[in-house]
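**Q** Numbering (our numbering), first residue to last: 40 to 247.
1. Considering only the alpha carbon of each residue, which of 93, 137 and 132 lies closest to residue 3?
2. Counting only runs of 3+ residues fully inside the segment 171-235, write out the beta strand (DSSP E) ranges in chain order.
3. Is DSSP giving residue 122 helix, strand or coil here?
4. Identify the residues that DSSP records as bridge partners of residue 133: which are they?
5. Can you name the residues that DSSP bridges to residue 104?
6. Quick check: residue 149 and residue 135, are their CB atoms within less than 8 angstroms of each other?
7. Please classify residue 182 as buried or exposed, where buried requires at least 16 other C-beta atoms within 10 Å of its C-beta.
8. Would you mind sorting residue 218 into buried or exposed? The rule is 16 or more other CB atoms within 10 Å of its CB.
9. What's the gap between the Cα of residue 40 and the Cα of residue 190?
10. Roughly how many angstroms separate the alpha carbons of residue 118 and residue 239, rounded to a whole number?
11. Note down, in chain order, each residue of its chain lying with its Cβ closer than 8 angstroms to the Cβ of residue 78, except the 5 sequence neighbours on either side.
12. Pull up the CB-CB distance for residue 83 and residue 106, whole angstroms please, since I reckon it's below 8 angstroms.
13. Can you name the start and end residues of the beta strand (DSSP E) that residue 74 belongs to?
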């Protein structure tokens, strides 16, 4: 499979499939189009990452989870940025924001922010996360070195692994009531951080 993965040009996913696994088609550089059938609910982490010639993707409404970098490095994602701006949203899931610049307010219909969505974004300076968001993935803002402000209004219950790691310009964070877990390295190497407000709802804090 991996010896000839670059030769795959088309994929037929049969009805009945519920999930496309992590890295399932990663580096299939010959793949140009994929149609995901209705009934699939999950596209896992890096499923189509670096499928550099993938330019046509059909995603049904049944998909309610998309993993981090699932389509990173594809022509399709580049097209979505050109057509819709730097925030790429699919089925109310924010799947990419790496091209964002300045102050960003995430649309109020977004319910989920995938892992790595802004990772190493060089232009992002502030972000407002609306109340509609219930999930923020691991490493979502990792390496956003110009990020100074994160306003979290959402209903998240968990701050993911390395969520704000190496955000060296981040000065203060107010974690919303309702968050129960702050996972490992959430604020590691945030050398400018001077204030963190943690609500009473938090029951677990791993290594900062």
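Beta carbons are placed, not taken as given, at the ideal position from N, Cα and C, and that holds for glycine.
**A** The structure says:
1. What is shown of the chain runs 40 to 247, which leaves residue 3 out entirely.
2. 188-191 and 211-213
3. The sequence position of residue 122 within the chain shown is 83, counting from 1. If DSSP states are grouped into helix, strand and coil, residue 122 belongs with the helices.
4. As a working note, residue 133 is residue 94 in the chain shown. Paired residue(s): 128 and 152.
5. Reading the chain shown from its first residue, position 65 is the one you call residue 104. Paired residue(s): 81.
6. Translated into positions along the chain shown, residue 149 becomes position 110. Translated into positions along the chain shown, residue 135 becomes position 96. No, these two residues do not count as a Cβ contact at 8 angstroms.
7. Looking up residue 182 in the chain shown gives position 143. With 16 or more Cβ atoms within 10 Å of its Cβ, residue 182 is classed as buried.
8. Counted from its first residue, the chain shown places residue 218 at position 179. Flag for residue 218 reads buried.
9. For the purposes of this step, residue 40 is taken as the residue at position 1 of the chain shown. For the purposes of this step, residue 190 is taken as the residue at position 151 of the chain shown. A caution first: residue 40 carries a pLDDT of 46, below 50, which makes its placement in the model unreliable, though a value can still be read off. Straight-line Cα distance between these residues: approximately 45 angstroms.
10. Translated into positions along the chain shown, residue 118 becomes position 79. Translated into positions along the chain shown, residue 239 becomes position 200. About 43 angstroms.
11. The residue given as residue 78 occupies position 39 in the chain shown. Around residue 78: 54, 55, 56, 57, 99 and 101.
12. By 1-based counting over the chain shown, the position of residue 83 is 44. By 1-based counting over the chain shown, the position of residue 106 is 67. About 4 angstroms; that satisfies the 8 angstroms criterion.
13. Within the chain shown, numbered from 1, the residue matching residue 74 stands at position 35. 72-74 is the extent of the beta strand (DSSP E) around residue 74.
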